[in-house]
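Asks:
Numbering (my numbering), first residue to last: 31 to 743.
Here it is, written out as C-alpha cells:
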C-alpha cells in the first residue's frame, strides 16, 4: 500500500451489459494518469478487457484489477489544475487517494465473477444506462452488493444518447431499491446537447467544451445556468433534508434557517453512505468524456476506506461461532483468496484481499481452510494483465501472490495456525452442460489438463466424466459461458474441441417426508464394520441441502457425524428417478448406535449412504428443471406475437409495463425451452426487440414433460 489506509479505496465497477462500465473504467484510468491513451470497447483496445475473447466480442468475461491515484476536488482549491494526464507516479502525491478498481463482467453468465469480487470490496459503483435505466442485471448486482452491505455510488451514464432521461432513471431506482437515492449531480442539457453537470453540493456548473478539449481533461467552472437554478435549489434542499435525518447539526441549522457548510454536507453524506443509508447519484457520458472526474471525486469523498469498515466477520471452524477481526496492519496477518488464475510464465497465481496485518514475500502462511502450510513466493500489485512486484502486502491491499500450489478460491490465509476462516464467496450452481472432446484423440490428456486449469479459475465451470458414456462433460451458467470456455481451449491451450448441443442440467427433488432406519454390519474376521443410523428425509422449498444433527445422549459419538453427513451427500449425487443430483432436501439424523470396536468412519459413511438411498426411493422423487427470469423489451405492436411465443415455451408472464410505444415483459420460462430464443425473438419482432435472462430457481417439471425427458435417457 502506497498511502495511509484512510486514503485507500477498494471499489468494484458493476453494471448491466452495455451500460458503459468498461468505458467508464477506461476513462478513470486515463484521467488518473494510469494510461496515456484512451482505449475503446468497439476497437478492442481497453485496458481491463485484455483476453482475446473479450476484445473480439466487446464484452467483459473475467474481472480485472487495476490501481490508480486521484486527488479529489483539487480543482476547488487554490492549486493550479494539471490539465494533462500524469504518467503513473512511483508514489502518490500527498493529497492523492489510492483506488484499487475491480472491473467486472456485465453479462448474466458471468455473475460469479461479480460475486467473488464484491466479497472483497469496500465500495461499489453501479453504472446505469441513461436510456435503459434499471435493467435486470442492474438489479442483480445491486442485490449482490446489498447482501455484503457494500456502500454504493450510482453513475447514470450515456446521458448523450437519444432517449436518455436522468430523472426517469432516478424514479426507477427509487421504485426498485430500498436505500434513499440522492442526486448530487444534475445534467446540463440532454442527448446531443448534454454538455456538463451541476455539482449539487458546490453549487457550480462544470461545462465540457469538446471543441476546446476533446479528451475531457479540462472543463470550465461556471455559475449554474438560469434554466436549472430552480431544479438545483429543489435538489439541494432535498439533499439537506435527507441528511438532517442522520445528522443533528444539519437539522439544527435547517430549523434555525442558517446556512450549512459544504464541508459539513460532504461529511454527513459520507457517514450516511458508509452506513448504507443513502446512495449518491452522479451522471455523465464516459464515451463523450463528460463527468468522469466528478465520479472520481465522489468515490474518494463518499465511499469507505478499509479502516471505516472497522471489523470483518470471521468464523471459528470448530464451533462456527462468529467473531470480529480488526482491519488494522498492527494485527496478525489474515487474508482471503478470492480468485485463482494461471499465468503463462508465472504459473498459478492467487488474488488476495488482505484484511489485517502485513506479510512479505518468501514467508510461510497457514491455510486455515485446508489445514496446510504454504510458502508465498512473490507478491505483485496487479494492473490488468501486467504485474509489478512489491515487497510487502498490508491490511486493505488487493494483491496477487505466487507459490500457493494447494490453495483454491475461498481459502483463508493466516500468519498463525488458528482454526478460524472468513466466509467464502457462495457461487450459483451450473444450469447447463455439454459433452466435449478433442478433435484429435491424442490430445485427450492435453484437454484434461486445460480443463483442469480453467475450471480451477472459475468455480461455476464444473468438469465431470459421464459414468455411462465416459464422455467429458462441461457444466456452466449459460450458452455463452460454455461457448467462450470452449474457444479458450483453442486460443490459449491450442486444443480445438468438438462440443455437443447444450443440454439442461436437471435435478431431482422429493415430495414426501420419510423416516428410514439403516444398519451396516460386516464381519470378515478381526475388526468388523458396524453402523446404525436413523434419519428423516424431507423436502425443502429453497435451500439446496440441509443436514441436521439431532443426536442426544451420545448414541452416536461426535466423531462419526461428519462421515454420516458425507455418506448422505454421496447418496444425493444420483437420484432414484433418472440419476440426476438430488436437491432441496433436508436430512435429520435422529438416532442410531455404534460398536466400541467395529464402528469406524468408513462404516458410518457406507451406512448413511445406503440408508439415504433407501429413503429416497420412498420419498416421491420428481424431476426439477432450471427456470429463468426473462425480461423482454419489445415495440408494443409486437406484444401479441411475443406473448404467444412465451406461452408456447411453457412460460408465465409476471408483469407488463408500457411506456409510449415500448413494452417491457417480465416472465418466467423453463431453460429447456429457451435454446435459440434470441433468433426466434428477432424473427417475430423484425429484429426490434431485446431480451435478458437470469436464473430464478429449480422448479418441478410437469409430469408429461418429465416422462419425455426420462424416456430419452
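Don't be surprised by glycine CBs; every beta carbon is placed ideally from N, CA and C.
Between which two residues does the alpha helix (DSSP H) holding residue 469 run?
Replies: No alpha helix (DSSP H) contains residue 469, which DSSP labels as neither H nor E.
Asks: Which residues does DSSP list as the beta-bridge partners of residue 576?
Replies: 616.
Asks: For residue 689, report the span of its beta strand (DSSP E) as first-last.
Replies: 682-689 is the span of the beta strand (DSSP E), which, as asked, contains residue 689.
Asks: Please state the DSSP three-state secondary structure of residue 202.
Replies: Residue state, collapsed to three classes: helix.
Asks: Between residue 463 and residue 655, is the Cβ-Cβ spacing less than 8 Å?
Replies: Against a cut-off of 8 Å, the Cβ pair of residue 655 and residue 463 comes out as no contact.
Asks: Evaluate residue 357 with the Cβ neighbour count: other Cβ atoms within 10 Å of its Cβ, from every protein chain shown; 16 or more gives buried, anything less gives exposed.
Replies: Residue 357 is buried by the Cβ-count criterion.
Asks: Please list, in chain order, all residues of the same chain as residue 337 whose beta carbon is under 7 Å from its beta carbon, the five residues on each side excluded.
Replies: Within the same chain, residue 337 has close Cβ partners 35, 36, 357.
Asks: Quick one, are the C-beta atoms of residue 620 and residue 567 less than 8 Å apart?
Replies: Their beta carbons are not under 8 Å apart, which means residue 620 does not touch residue 567 by this criterion.
Asks: With a Cβ-Cβ cutoff of 8 Å, do residue 133 and residue 62 count as a contact?
Replies: No.
Asks: Around the C-beta of residue 108, are 16 or more other C-beta atoms found within 10 angstroms, so that it is buried, or is it exposed?
Replies: Only weak support exists for where residue 108 lies, its pLDDT of 37 falling under 50; the coordinates are left without a value.
Asks: Are residue 199 and residue 216 close, meaning C-beta to C-beta below 8 Å?
Replies: Their beta carbons are not under 8 Å apart, which means residue 199 does not touch residue 216 by this criterion.
Asks: Spell out a yes or no on whether the segment 620-640 and the segment 529-543 are touching, meaning 3 or more CB-CB pairs, one atom from each, closer than 8 Å.
Replies: Taking 8 Å as the limit for Cβ pairs, the verdict is that the segment 529-543 does not touch the segment 620-640.
Asks: Provide the residue span of the alpha helix (DSSP H) that contains residue 509, from first to last.
Replies: Unbroken alpha helix (DSSP H) run through residue 509: 509-523.
Asks: Tell me, please, which residues DSSP counts as bridged to residue 550.
Replies: According to DSSP, which records beta bridges pairwise, residue 550 is partnered with 561.
Asks: Name the residue from 544, 660, 623 whose alpha carbon lies nearest to the alpha carbon of residue 649.
Replies: Of 544, 660, 623, the residue nearest in Cα terms is 544.
Asks: Please determine, among 570, 579, 571, the residue with the shortest C-alpha to C-alpha distance to residue 564.
Replies: Nearest of 570, 579, 571 to residue 564, Cα basis: 579.
Asks: Going by C-alpha to C-alpha distance, which of 364, 393, 392, 452 sits closest to residue 426?
Replies: Here the closest residue by C-alpha is 364.
Asks: Is the beta carbon of residue 430 less than 8 Å from the beta carbon of residue 381?
Replies: In this structure, residue 381 lies closer than 8 Å to residue 430 by Cβ.
Asks: Would residue 428 be called buried (16 or more neighbouring beta carbons within 10 Å of its own) or exposed?
Replies: Burial call: buried.
Asks: Got a sec? Which residues, its chain only, sit under 7 Å from residue 457 by beta carbon, not counting five neighbours each side?
Replies: So the list reads 142, 145, 489, 490, once near-sequence residues are dropped.
Asks: Label residue 66 either buried or exposed according to how many other C-beta atoms from any shown protein chain fall within 10 Å of its C-beta, with 16 as the threshold for buried.
Replies: Exposed, by the Cβ-count rule.
Asks: For the segment 402-417 against the segment 379-393, do three or more pairs of beta-carbon atoms, one drawn from each stretch, fall closer than 8 Å, so that the two count as touching?
Replies: Yes, they touch.
Asks: Do residue 329 and residue 96 come within 8 Å of each other at the CB atom, strictly closer than that value?
Replies: Result no, Cβ atoms of residue 96 and residue 329 do not sit closer than 8 Å.
Asks: Tell me the rounded alpha-carbon separation between residue 342 and residue 672.
Replies: Taking the straight line joining both Cα atoms gives about 48 Å.
Asks: With a threshold of 7 Å on Cβ separation, who are the neighbours of residue 315 within its own chain once the five nearest residues in sequence on each side are excluded?
Replies: Excluding positions up to five away in sequence, the list reads 187, 188, 189, 190, 224, 321.
Asks: Could you check what DSSP says for residue 332 in three-state terms: helix, strand or coil?
Replies: In the structure shown, residue 332 sits in a helix (DSSP, three-state: H, G or I).
Asks: I think residue 185 touches residue 309, with their Cβ atoms under 8 Å apart; what is that distance to the nearest whole Å?
Replies: Rounded, the Cβ-Cβ distance is 11 Å, inconsistent with contact.
Asks: I'd like the list of long-range same chain contacts for residue 600, defined as Cβ closer than 6 Å, with 5 residues on each side in sequence excluded.
Replies: Same-chain partners within the cutoff: 639.
Asks: Comparing C-alpha positions only, which one of 726, 702, 93, 194 sits nearest to residue 509?
Replies: Closest by alpha carbon: 702.
Asks: Quick check on the DSSP output: the alpha helix (DSSP H) that includes residue 639 runs from which residue to which?
Replies: Here the alpha helix (DSSP H) through residue 639 covers 631-647.
Asks: Measuring alpha carbon to alpha carbon, tell me which of 573, 562, 596 ends up nearest residue 581.
Replies: It is 562 whose Cα lies nearest to the Cα of residue 581.
Asks: Does the segment 598-617 come into contact with the segment 570-579, if we say contact requires no fewer than three beta-carbon pairs (one atom in each stretch) closer than 8 Å?
Replies: With the cut-off at 8 Å, the segment 598-617 and the segment 570-579 touch.
Asks: Secondary structure at residue 740, three-state DSSP: helix, strand or coil?
Replies: It is helical.
Asks: Does DSSP put residue 451 in a helix, in a strand, or in coil?
Replies: It is a strand residue.
Asks: Buried or exposed: residue 112, going by 16 or more other Cβ atoms within 10 Å of its Cβ?
Replies: Bear in mind that a pLDDT of 38 at residue 112, under 50, signals an unreliable position, so the number given afterwards is only what the model happens to contain. Answer is exposed; the Cβ neighbour count stays below 16.
Asks: In whole angstroms, what is the alpha-carbon distance linking residue 349 and residue 383?
Replies: Taking the straight line from one Cα to the other gives about 25 Å.
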